[in-house]
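Encoded as structure tokens, the structure appears first; notes follow it.
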Amino acid sequence: TLDATVLTVNRNGLTIQSADGETLALSFGKASFWQEQAVQFAAGDAVSIQGFWQDGQFQTGQVTKVETGERILLRDPNGRPLWGGPGRQGGKGGQSAPVTG
Numbered sequence: 028t029l030d031a032t033v034l035t036v037n038r039n040g041l042t043i044q045s046a047d048g049e050t051l052a053l054s055f056g057k058a059s060f061w062q063e064q065a066v067q068f069a070a071g072d073a074v075s076i077q078g079f080w081q082d083g084q085f086q087t088g089q090v091t092k093v094e095t096g097e098r099i100l101l102r103d104p105n106g107r108p109l110w111g112g113p114g115r116q117g118g119k120g121g122q123s124a125p126v127t128g
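Position in the sequence shown (first residue = 1) + 27 = my numbering.
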């Protein structure tokens, strides 16, 4: 889990500054999927982000707006993108890293 402040919002996700001062660009995957969840983020918002590191890239699982408790869900507990439908390979179950803090 990362506690952070939103620096910018764009079509692909957010740029944040973590509590330890690191700046990260978070990609939320398919824009229409996360935008349909109707959570509005703005520069200066405090957020709590759950996800995992994979190949040097932070994979975002969910983002919670601290002030309101609103959240967007991006990945299932196994780390699979929710915008991709019921599993990879036609639902035959692909494997992915779990969503952990």
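Ideal placement from N, C-alpha and C gives every residue a C-beta, glycine not left out.
- Distance from the CA atom of S54 to the CA atom of P104, rounded to whole angstroms, is 18 Å.
- In the three-state scheme derived from DSSP, where H, G and I count as helix and E and B as strand, L101 is classed as coil.
- F60 and V74 have their C-alpha atoms spaced approximately 19 Å apart.
- Counted as a single uninterrupted DSSP element, the alpha helix (DSSP H) harbouring A58 occupies residues A58 to Q62.
- In the DSSP assignment, the residues bridged to L41 are V36 and L53.
- Excluding sequence positions up to five before and after D72, its CB lies within less than 8 Å of the CB of T32, V33, K92, V93 and E94, all in the same chain and listed in chain order.
- Around the beta carbon of T87, 16 or more other beta carbons sit within 10 angstroms, so the residue counts as buried.
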